[in-house]
Amino acid sequence: MKVAENKQKRQDTTILDVLFSSFKSNDLPIIDIMPYKRVTKEGFLIDKQNEYQAYLRVKTNDLVSMNNSDLNRMISQLTSICRVYTEPFKILSMTYSTETSKQQMFWKSRINKYRRVLMADNVPESEMIRHEVMLRLAVDNLRRVTWVEDNLTELTFFIVVYEKSQKELELRVRDMTRLGGKQYDLQLVERDNIENILIRLNNMNTEV
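The opening residue of the sequence shown carries number 83 in the working numbering; numbering runs sequentially from there.
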């Protein structure tokens, strides 16, 4: 009786394994999941067909608070891009970490400047007091912008351009950057940030 029961359990287990095998996650290497080979030092992405892609970040704008004139200029600029740029391109949008690297660099340079003044000889007392106050403010501002990048996200847009070779892609990047003008202020995404974008594109529930 027990032998029959054990045999039935084994049969049930085998059937369940077959039924649920398609739902089990397979830990494949990331290179097999994402259709890309590598990222060049310039920030260009190479796919498995040896074709090149470049990601251009669009300057963040508060469209809600824009006046009609500025908003119309933004719309006209995008219309011009779609009309003039005849090569394939794609527009992506995603919630992405707020970029404050420029602000961080600025406040770090201020901090270093104020510290050099405070460490110098023969500095008048009034200047010492003034630079101590400015140093505290700069440290506080650096802490704030760093916190914003680490904790807040914003809706970010990217324009992706494609080409067969790196030389041709560099021309496409220049063309698209020029067409974007001041309204879009397109900036090539650096190599270090490409991986975060790819992770987010392939898993929209993952924070980066």
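Every residue, glycine too, gets a C-beta built ideally from N, C-alpha and C.
Per-residue DSSP class, three states only, for residue i
{"i": "Asp129", "result": "strand"}
{"i": "Ala220", "result": "helix"}
{"i": "Lys119", "result": "strand"}
{"i": "Ser179", "result": "strand"}
Alpha carbon of residue i to alpha carbon of residue j, nearest angstrom
{"i": "Met258", "j": "Ile163", "result": "8 angstroms"}
{"i": "Ser191", "j": "Thr168", "result": "42 angstroms"}
{"i": "Thr238", "j": "Val271", "result": "12 angstroms"}
{"i": "Val230", "j": "Leu224", "result": "10 angstroms"}
{"i": "Phe188", "j": "His213", "result": "16 angstroms"}
Outcome for residue i when other beta-carbon atoms lying within 10 angstroms are tallied against a minimum of 16
{"i": "Val215", "result": "exposed"}
{"i": "Thr177", "result": "exposed"}
{"i": "Ala136", "result": "buried"}
{"i": "Ile112", "result": "Residue confidence for Ile112 is low, a pLDDT of 49 falling below 50, so the modelled location carries little weight; the figure read from the coordinates is stated next. When all chains shown are included, Ile112 counts as exposed."}
{"i": "Thr182", "result": "buried"}
{"i": "Arg226", "result": "exposed"}
{"i": "Ala202", "result": "exposed"}
{"i": "Glu245", "result": "buried"}
Whole-Å CB distance - residue i paired with residue j, under 8 angstroms assumed
{"i": "Val140", "j": "Phe240", "result": "7 angstroms"}
{"i": "Thr82", "j": "Glu236", "result": "The requested residue 82 does not occur in the structure, where the chain is confined to residues 83 to 290."}
{"i": "Leu138", "j": "Leu145", "result": "So it is not a contact: roughly 19 angstroms between Cβ atoms."}
Residue i: CB within 7 angstroms of a non-hydrogen atom of the ligand SAH
{"i": "Asn278", "result": "Because no ligand of any kind appears in the structure shown, any question about the ligand SAH cannot be addressed here."}
Chain D within 8 angstroms of residue i, Cβ atoms only
{"i": "Tyr244", "result": "Judged by its chain identifiers, the structure shown contains no chain D, having just a single protein chain."}
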